[in-house]
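Numbering of the sequence shown is given in the numbering used here, commencing with residue 1003 and proceeding in unit increments.
We put the CB at the ideal spot given by N, CA and C, even for glycine.
These numbers were taken from a predicted model, which means no experiment stands behind them.
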Amino acid sequence: MIFAQSALMTDKVSNNNNLQDSESRFGDGHPRVIEGGRGLVVTRIGKSFNKRPVVRSVSLSLRRGEVVGLLGPNGAGKTTTFYMITGLIPTDTGSIEVDGHDITRLPMYRRARLGIGYLPQEASIFRGMTAEQNIRATAELLETDSARLEAAVEELLAEFGITHIRNTPAVALSGGERRRVEIARCLATHPSYILLDEPFAGIDPIAVGEIRDLVKHLKDRGIGVLITDHNVRDALDVIDRAYILHDGHVLKEGTPSEIVSDRDVRRVYLGERFSL
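Rendered as structure tokens:
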């Protein structure tokens, strides 16, 4: 998000033009499903480190309004694959497209301009600001009209149930509150797709429920969500489809029930006793 905001700061007019043909996420306060678009399409990407293949010809897709998991055992290549999609790691082979635009060689901030939002596992909130200031700092990079800016900020605060903590310093927020502020801030950039890195890691059961609700809300808004997480049970509970990686390639793609019933997935990843 910091990289994306720096890019937006240097090119506000260009971004406004690029975003004019995207349906507004503000207005009546209700989630809206965005139609059209070709989706996020990853085709046969690969990566090696010190001549050792880590990701081998991985292909996957994500549509708007869909939640997809990128899962697998440790060392399967899922983190490297995820980071190549975000732009944190360059690909060696293959291509990545978003709604028909080739973003394979683009840096993170240019991917953000084309609708890719990224929320890392680590806290990305601006700790020296209040909850409201975090959202406003991003929203004002895209909106020059003061009335529309105020409306956008108010709607995001209300939508994520954080109006009552608007003046709370970010450093004093709970984990669940911080995550809601981070997602609200991300939505101020009008992403079509959001990549969530380990959203269920290191949080208590109550926070897990909050994250599930947030992911469902993003889906209802028409945003495509790609999740990578080690907590497979929590991930399978919220996704529509999953790609299971093993030894650097896609072992299985399917719905949660198809994933759980697959013999190879149970053998190398879930275990024979696993059940939803």
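Per DSSP, which residues does Ser-1050 bridge with? Please list them.
Pro-1055
Go ahead and label Glu-1025 buried or exposed: buried means 16 or more other beta carbons lie within 10 angstroms of its beta carbon, across all protein chains shown.
Low confidence applies here, because Glu-1025 scores a pLDDT of 34, under 50, leaving its location unreliable and the question unanswered by this model.
Excluding the 5 residues preceding and the 5 following Leu-1197 in the sequence, name in chain order all residues of the same chain whose CB lies nearer than 6 Å to its CB.
Thr-1088, Tyr-1120 and Leu-1228
Buried/exposed call for Glu-1124, threshold 16 Cβ in 10 Å:
exposed
First through last residue of the beta strand (DSSP E) which encompasses Val-1069:
1069 to 1073
Host beta strand (DSSP E) of Ser-1263 (start-end)
Where Ser-1263 is concerned, there is no enclosing beta strand (DSSP E), although the alpha helix (DSSP H) it sits in stretches over 1258 to 1263.
From the DSSP secondary-structure annotation, give me the bridge partner or partners of Ala-1244.
Gly-1071 and Gly-1256
How would you call Leu-1158, buried or exposed, if buried means at least 16 neighbouring beta carbons within 10 angstroms?
buried
Among the candidates Ser-1050, Lys-1049, Leu-1072 and Phe-1051, whose CA atom is the shortest distance from the CA of Phe-1257?
A small fix is needed here, since residue 1257 is Thr in this sequence, not Phe. It is Leu-1072.
Element boundaries [beta strand (DSSP E), containing Ile-1196]:
1195 to 1199
Taking the continuous beta strand (DSSP E) assigned at Gly-1096, which residues delimit it?
1095 to 1100
Enumerate in chain order the residues of its own chain whose CB-to-CB distance from Gly-1177 is below 7 Å, with the five nearest sequence positions on each side excluded.
Ile-1205 and Ala-1209
Do the stretch 1260 to 1269 and the stretch 1097 to 1109 meet, that is, are 3 or more Cβ pairs less than 8 Å apart?
no
Taking the alpha carbon of Ile-1225 as the point to measure from, which residue in Val-1155, Arg-1066, Ala-1203 and Met-1086 has its own alpha carbon closest?
Arg-1066
Cut-off 8 Å between Cβ atoms - residues of its own chain near Thr-1082, not counting five sequence neighbours on either side:
Lys-1049, Val-1056, Val-1057 and Ile-1091
Residues sharing a beta bridge with Leu-1064, DSSP
Leu-1042
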